[in-house]
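Chains as they are written, first to last, in our numbering: chain A, 9 to 131; chain B, 2 to 196.
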């Protein structure tokens with residue numbers, strides 16, 4: 009196991025093999041139970057960081073293979089593979105900013121890497 | 002180019018703090034492009050380097066975390082040192098102004114010493130507070146002034162193993178910290194913050 013991410017009712021676990029397992033937390037009984045709901049194996053090497061979006065519908069993983077993968081947790085599929093870094097991904101975070109002309113908010117993904125770059129991606 | 006090992010966002014200040022392999026924390030301002038031009042579209046998120054914070058630890062940064070509840074930034078380095086910085090909020094412009102005045106006075110004193118001849122009388126130089134207020138309003142001052150070093154805590158680990166990551170407890174008055182180590186152990190620390 010290399011990294012975990014939690015949200016209100018989800019737990020995502022990344023492994024050195026590149027696999028990501030997502031568990032649903034069930035605390036309806038007295039005991040806390042974890043039920044595996046998704047399994048993704050798209051990274052070629054270790055998963056370094058994970059992020060579950062605020063609405064719980066997307067999961068983002070950053071790997072030692074330099075790739076960032078965005079998963080759709082509703083349809084249990086991988087949506088996008090973000091290619092741009094030349095080193096392992098070390099950290100991911102979502103930033104919400106106002107759009108100056110549309111007067112709406114926009115979500116961007118920030119990714120840090122050992123290649124020395126922090127990149128900004130549109131979500 | 003230095004590796005980026007970790008970063009944290011301080012939303013209220015619109016800052017991103019990045020930790021690297023050296024003893025420097027780089028402070029970036031998060032800016033949104035207002036109008037489209039040849040370099041990009043309106044709404045693009047841009048990062049501008051605004052300053053650098055020098056850590057006490059010379060080892061690489063493992064984790065940078067902002068605790069919004071306590072307004073603290075916690076920085077863990079690979080030599081098991083945890084550095085705690087107080088973060089001054091965007092509304093506390095008085096504190097920033099005080100820091101700017103202090104810095105200006107120090108700089109003026111330095112200039113006076115270098116300019117003064119042997120037996121000349123001390124020269125008193127005034128600080129232009131309006132100019133400094135303008136800098137604050139335009140957010141063109143040194144953003145590292147928002148950070149004040151509060152405490153450095155060496156994390157004692159009996160096996161001598163190196164720290165890997167930490168999480169901060171949210172409910173306590175003091176800082177409750179759970180640190181994971183490469184030896185597959187987790188230690189809990191209670192840090193009594195100096196007033």
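The beta carbon of each residue, even a glycine, is placed where N, CA and C say it ideally should be.
Residues of its chain near residue i, where Cβ-Cβ distance is below 6 Å and the 5 sequence neighbours each way are ignored
| i | result |
| --- | --- |
| residue 67 of chain B | 9, 11 and 74 |
| residue 94 of chain B | 137 |
| residue 50 of chain A | 77 and 86 |
| residue 59 of chain B | 24 |
| residue 46 of chain A | 30 and 84 |
| residue 68 of chain A | 59, 78 and 100 |
Residues that DSSP places opposite residue i in a beta bridge
| i | result |
| --- | --- |
| residue 83 of chain A | Residue 83 of chain A is not bridged to any residue. |
| residue 19 of chain A | A:14 and A:31 |
| residue 71 of chain A | A:55 |
| residue 62 of chain A | In DSSP, residue 62 of chain A forms no bridge with anything. |
| residue 43 of chain A | A:32 |
| residue 105 of chain B | Answer by DSSP bridge pairing: none, since residue 105 of chain B is not bridged. |
| residue 188 of chain B | B:180 |
| residue 107 of chain A | Answer is none; residue 107 of chain A lacks a bridge partner. |
| residue 196 of chain B | Its beta-bridge partners do not exist; DSSP assigns none. |
| residue 18 of chain B | B:9 and B:28 |
Own chain partners of residue i with C-beta closer than 7 Å, once the 5 adjacent residues on each side are dropped
| i | result |
| --- | --- |
| residue 43 of chain A | 31, 32 and 34 |
| residue 114 of chain A | 105 and 107 |
| residue 50 of chain B | 27 and 29 |
| residue 72 of chain A | 53, 54, 56 and 96 |
| residue 195 of chain B | 151 and 152 |
Close Cβ partners of residue i (< 8 Å) along its chain, the five nearest in sequence each way excluded
| i | result |
| --- | --- |
| residue 40 of chain A | 33 and 34 |
| residue 64 of chain A | 15, 16, 17, 18 and 81 |
| residue 126 of chain A | 118, 119 and 120 |
Proximity winner among the options, relative to residue i (alpha-carbon distances)
| i | options | result |
| --- | --- | --- |
| residue 69 of chain B | B:78, B:188, B:79 and B:169 | B:169 |
| residue 133 of chain B | B:179, B:96 and B:49 | B:96 |
| residue 74 of chain A | A:66, A:65, A:89 and A:63 | A:89 |
| residue 146 of chain B | B:7, B:2 and B:27 | B:27 |
| residue 157 of chain B | B:48, B:60, B:183 and B:190 | B:190 |
| residue 62 of chain A | A:15, A:53 and A:95 | A:15 |
| residue 130 of chain B | B:110, B:178 and B:99 | B:99 |
| residue 59 of chain A | A:52, A:103, A:95 and A:38 | A:103 |
| residue 13 of chain A | A:126, A:95, A:55 and A:25 | A:55 |
| residue 72 of chain B | B:62, B:90 and B:42 | B:90 |
| residue 193 of chain B | B:160, B:180, B:45 and B:154 | B:154 |
| residue 26 of chain A | A:46, A:112, A:53 and A:11 | A:53 |
| residue 63 of chain B | B:53, B:41 and B:18 | B:18 |
| residue 6 of chain B | B:185, B:16, B:165 and B:180 | B:165 |
| residue 162 of chain B | B:196, B:43 and B:80 | B:80 |
| residue 130 of chain A | B:41, B:142, B:20 and B:2 | B:41 |
| residue 21 of chain B | B:110, B:2, B:111 and B:181 | B:2 |
| residue 112 of chain A | B:183, B:52, B:15 and B:44 | B:44 |
| residue 101 of chain B | B:144, B:15, B:178 and B:179 | B:144 |
| residue 28 of chain A | A:38, A:48 and A:96 | A:48 |
| residue 57 of chain A | A:128, A:11 and A:127 | A:11 |
| residue 182 of chain B | B:167, B:196 and B:195 | B:167 |
| residue 127 of chain B | B:160, B:110 and B:141 | B:110 |
| residue 65 of chain B | A:68, A:101 and A:128 | A:101 |
| residue 92 of chain B | B:178, B:184 and B:15 | B:15 |
| residue 13 of chain B | B:178, B:196 and B:88 | B:88 |
| residue 185 of chain B | B:54, B:160 and B:196 | B:160 |
| residue 24 of chain A | A:36, A:37, A:9 and A:38 | A:9 |
Buried versus exposed, by CB contacts within 10 Å (16 or more), residue i
| i | result |
| --- | --- |
| residue 4 of chain B | buried |
| residue 187 of chain B | exposed |
| residue 70 of chain A | buried |
| residue 20 of chain A | buried |
| residue 92 of chain A | exposed |
| residue 38 of chain B | exposed |
| residue 47 of chain B | exposed |
| residue 22 of chain A | buried |
| residue 98 of chain A | buried |
| residue 56 of chain B | buried |
| residue 66 of chain A | buried |
| residue 179 of chain B | exposed |
| residue 116 of chain A | buried |
Residue i beta carbon near the ligand SAH (any heavy atom closer than 7 Å)
| i | result |
| --- | --- |
| residue 175 of chain B | With respect to the ligand SAH, the structure offers nothing, as it holds no ligand at all. |
Residue i at chain D interface by Cβ criterion, 8 Å
| i | result |
| --- | --- |
| residue 148 of chain B | Annotation note: the requested chain D is absent from the structure, which comprises protein chains A and B. |
query: Quick one: any contact between the region 113-125 of chain A and the region 79-86 of chain A, if contact means 3 or more CB pairs under 8 Å?
result: No contact exists between the region 113-125 of chain A and the region 79-86 of chain A.
- prompt: Are there three or more Cβ pairs, one per stretch, closer than 8 Å when the region 148-158 of chain B is compared with the region 71-86 of chain B?
  reply: The region 148-158 of chain B is in contact with the region 71-86 of chain B.
Three or more C-beta pairs below 8 Å linking the region 102-112 of chain A and the region 28-38 of chain B: Touching, yes.
message: With a threshold of 8 Å, are at least 3 pairs of Cβ atoms found where one atom belongs to the region 101-110 of chain B and the other to the region 174-184 of chain B?
response: Contact fails: fewer than three Cβ-Cβ distances are below 8 Å.
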